[in-house]
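Asker: Just passing along the structure, written as structure tokens.
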Amino acid sequence: MYTICLSEIYKTHLDPRIGYLHATNFRRFTLNLDVAEIFKPIIVDRLIFTLLGKKMITKNDFDRLTEGVMMKEKARKCFVENLDEKLKKTIKHRDIGRQVSYRRLIRLELYKLEKHLMGEKEYQAFVARW
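In the working numbering, the protein residues as written are 1169 to 1298.
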């Protein structure tokens, strides 16, 4: 999610090193961490629950190591493929009244932040409706 958000930040005039929730660190990008916080529950968490619920990924898809737990290659591939599909999926954006992909939704959120920083419009974070 972090690299997806960073890729969308690069399509704007925003500086990825300046964060608002995470401490700004000019040696590390932080804005992508902030933006990912908005979309992780909507995109990643839902996807994880779907994959587990449909048993597309099970506990057998993980290896227990001394350093922690690692996802096996087959499960990682399944997750990435489904994440790509999820990012292409469209939803109706209630502010603009048309269908947008989840990836486009991330960029629209960044544009709202840009407008806020330029003093054009007060920032209102995206809120998903269940």
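Even glycine gets a Cβ: it sits at the ideal position worked out from N, Cα and C.
Rounded to whole angstroms, what's the CA-CA distance from glutamine 1267 to isoleucine 1177? Just pull it up for me.
Answerer: Their backbone Cα atoms lie some 21 Å apart in a straight line.
Asker: Let me know the secondary structure DSSP gives histidine 1284 once reduced to three states.
Answerer: It is helical.
Asker: Please report how far the alpha carbon of lysine 1289 lies from the alpha carbon of threonine 1226, in whole angstroms.
Answerer: Cα to Cα, the separation comes out at about 45 Å.
Asker: Going along the chain, which residues of its own chain have a beta-carbon closer than 7 Å to the beta-carbon of lysine 1257, five neighbours each way excluded?
Answerer: So the list reads Ser1269 and Tyr1270, once near-sequence residues are dropped.
Asker: Here's a check: name, in chain order, each residue in its chain whose Cβ is nearer than 7 Å to the Cβ of arginine 1272, leaving out the five neighbours to either side.
Answerer: Cβ neighbours of arginine 1272 beyond the five flanking positions: none.
Asker: State yes or no: is the C-beta of cysteine 1173 within less than 8 Å of the C-beta of valine 1203?
Answerer: Closer than 8 Å, so yes.
Asker: Starting from the Cα of lysine 1223, find the closest Cα among Ala1243, Ile1211, Val1212 and Arg1232 and give me that residue.
Answerer: When only C-alpha atoms are compared, the closest one is Ala1243.
Asker: When the Cα atoms are used, what is the spatial distance from glycine 1221 to leucine 1255?
Answerer: Rounded to the nearest angstrom, the two C-alpha atoms are 19 Å apart.
Asker: Taking only three categories from DSSP, how would you classify arginine 1307?
Answerer: Residue coverage of the chain in this structure runs from 1169 to 1298, which leaves residue 1307 outside it and unanswerable.
Asker: Could you please give the first and the last residue of the uninterrupted alpha helix (DSSP H) stretch that includes glycine 1187?
Answerer: Premise fails: glycine 1187 is in no alpha helix (DSSP H) and is neither H nor E.
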